[in-house]
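Here is the structure we will look at.
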Amino acid sequence: MRILVLGDIVGRPGRTFLKSHLSAIRNRLNAGLIFANGENAAGGAGITAKTANEIKQAGVDAITLGDHVWDQMNF
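Quick note: the sequence shown uses this note's numbering, first residue 4, plus one each step.
The structure is reproduced here in C-alpha cells:
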C-alpha cells in the first residue's frame, strides 16, 4: 500500500487546492492512504470542525495536528 503524506494545508488556498487536485493525485500515485497536516487550515492558524470536514471531504484520510491546533477555540 502506498501512503501519501502531505505537509501543512494553509488556509483557504490549501483547502481549495485539495478539493481541485487531490483525487487526481491519489489516482496518479495509487495512494491507498493520505495523511495531511491540518493545524494551519483555518486562516493559516489552527483548524476548525468546518475546515477539518472540508479536508476530509477532499479525500484526506487522516489529519495530523500540532501546537497551532489551539489557535481556534471552537475546535
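Glycine included, each C-beta is placed from N, C-alpha and C at the ideal position. Keep in mind the model is a prediction, meaning the values are calculated, not measured.
| Item | Value |
| --- | --- |
| Residues of its chain near arginine 29, where Cβ-Cβ distance is below 8 Å and the 5 sequence neighbours each way are ignored | Leu7, Ile37, Gly62 |
| Contacting residues, own chain, Cβ-Cβ under 8 Å from alanine 34 (five flanking each side not counted) | Arg5, Ile6, Leu7, Ile28 |
| CA-to-CA distance, aspartate 64 to glycine 10, given in whole angstroms | 14 Å |
| Threonine 19 versus tryptophan 73: straight-line alpha-carbon distance, rounded | 23 Å |
| Whole-Å CB distance - isoleucine 50 paired with leucine 32, under 8 Å assumed | That belief does not hold up - the Cβ atoms of isoleucine 50 and leucine 32 are roughly 25 Å apart, past 8 Å. |
| Collapsed DSSP secondary structure at aspartate 11 in the structure displayed | strand |
| Lysine 59 versus arginine 15: straight-line alpha-carbon distance, rounded | 14 Å |
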